[in-house]
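Report on the following structure.
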Amino acid sequence: ETGVTQSPTHLIKTRGQQVTLRCSSQSGHNTVSWYQQALGQGPQFIFQYYREEENGRGNFPPRFSGLQFPNYSSELNVNALELDDSALYLCASSFSHTGELFFGEGSRLTVL
Amino acid sequence: GENVEQHPSTLSVQEGDSAVIKCTYSDSASNYFPWYKQELGKGPQLIIDIRSNVGEKKDQRIAVTLNKTAKHFSLHITETQPEDSAVYFCAASTMGGSQGNLIFGKGTKLSVKP
């Protein structure tokens, strides 16, 4: 059984650019959630995807968007990057009816 | 919306001692309370969880207790070992809706000294 995998692990962007982060869910899981974790803080919910549709969203602006594909993998896109977007972006997958989230190792984004 | 407070922010114990981390939540509709361990440079790892129909759950050296009336829940680690050193997060959610919407505390950095 493979766990949640994310790519890239690290990346550096400049303010105003766009970024795409990718996530492959754990085998058998059909739901993907994305979280942002600033340094020294707990993860904050961005949104969740189930059956290729957004199924809940946290307090993040529309420039944070996502996709889920038929194989349950997912992308997080962030447009018009700001310095405060620098964080660890975590993807978590779950089998929708259990609620137990399993996290990947994250993608560390630095915005200069 | 839900708010989760976690204490203490740092905790240092001697190997073999017990460690207790406490969390309070604000939304009485919350019914699922997981705990995660995060080691440096890694993603959070689920270590134990409890649902609102249960008051206590134990898994080897780790236990979690829930007091729904007071809206608080605690993580207990007994016989601590150096490999228990990490940041621990509590979280809360209402499982009926968007199960992925966990509200996390700010974390407790646990240091276990040999």
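Read top to bottom, the protein sequences are chains P and A.
Residue 112 in our numbering sits at position 112 of the first sequence; the count goes up by one each step and never skips.
Quick note: to get our numbering, add 1000 to the position in the second sequence (first position is 1).
Each residue gets a CB set at the ideal place from its N, CA and C atoms; glycine is no exception.
Check                                                                                                                                                                                              : Outcome
Checking 9 angstroms against the spacing of the C-beta atoms, do P:Gly66 and P:Tyr49 come in under that value?                                                                                     : yes
What's the C-alpha gap between A:Lys1057 and A:Thr1024?                                                                                                                                            : 17 angstroms
Spell out a yes or no on whether the stretch 1066 to 1080 of chain A and the stretch 80 to 95 of chain P are touching, meaning 3 or more CB-CB pairs, one atom from each, closer than 8 angstroms. : no
Are there 16 or more other CB atoms within 10 angstroms of the CB of A:Ala1091, so buried, or fewer, so exposed?                                                                                   : buried
In the DSSP assignment, find the beta strand (DSSP E) that holds P:Gln26 and state where it starts and stops.                                                                                      : No beta strand (DSSP E) holds P:Gln26; DSSP gives it neither H nor E.
For P:Asn77, which residues does DSSP report across the bridge?                                                                                                                                    : P:Thr20 and P:Ser65
When DSSP labels each residue in this structure, what does P:Glu53 get in the three-state scheme?                                                                                                  : strand
Of the residues that make up the stretch 1060 to 1093 of chain A, which ones have a beta carbon closer than 8 angstroms to any beta carbon in chain P?                                             : Phe1089, Ala1091 and Ser1093
How should A:Lys1037 be labelled, buried or exposed, when 16 other C-beta atoms within 10 angstroms of its C-beta is the threshold for buried?                                                     : buried
Beta-carbon of P:Gly58 versus every beta-carbon of chain A: anything under 9 angstroms?                                                                                                            : yes
Closer than 8 angstroms is the cut-off here; do at least three beta carbon pairs connect the stretch 54 to 62 of chain P with the stretch 9 to 18 of chain P?                                      : no
Could you give the distance in angstroms between the alpha-carbon of P:Thr110 and the alpha-carbon of A:Thr1010?                                                                                   : 26 angstroms
Counting only beta-carbon atoms, is P:Gly42 nearer than 9 angstroms to chain A?                                                                                                                    : yes
By Cβ distance below 7 angstroms, which residues in the same chain neighbour A:Ile978 in space, the five residues on each side in sequence not counted?                                            : This structure does not reach residue 978 of chain A, given that chain A is present from 1001 up to 1114, and the question cannot be answered.
Secondary structure at A:Glu1083, three-state DSSP: helix, strand or coil?                                                                                                                         : helix
Would you report the Cα separation of P:Ser73 and P:Ser24, rounded to the nearest angstrom?                                                                                                        : 4 angstroms
Kindly list, in the order they appear in chain A, the residues whose Cβ is closer than 8 angstroms to that of P:Leu90.                                                                             : Gly1043 and Pro1044
Using Cβ-Cβ distances below 7 angstroms, what residues of the stretch 96 to 112 of chain P are close to chain A?                                                                                   : Ser96, Gly99, Glu100, Leu101, Phe102, Phe103, Gly104, Glu105 and Gly106
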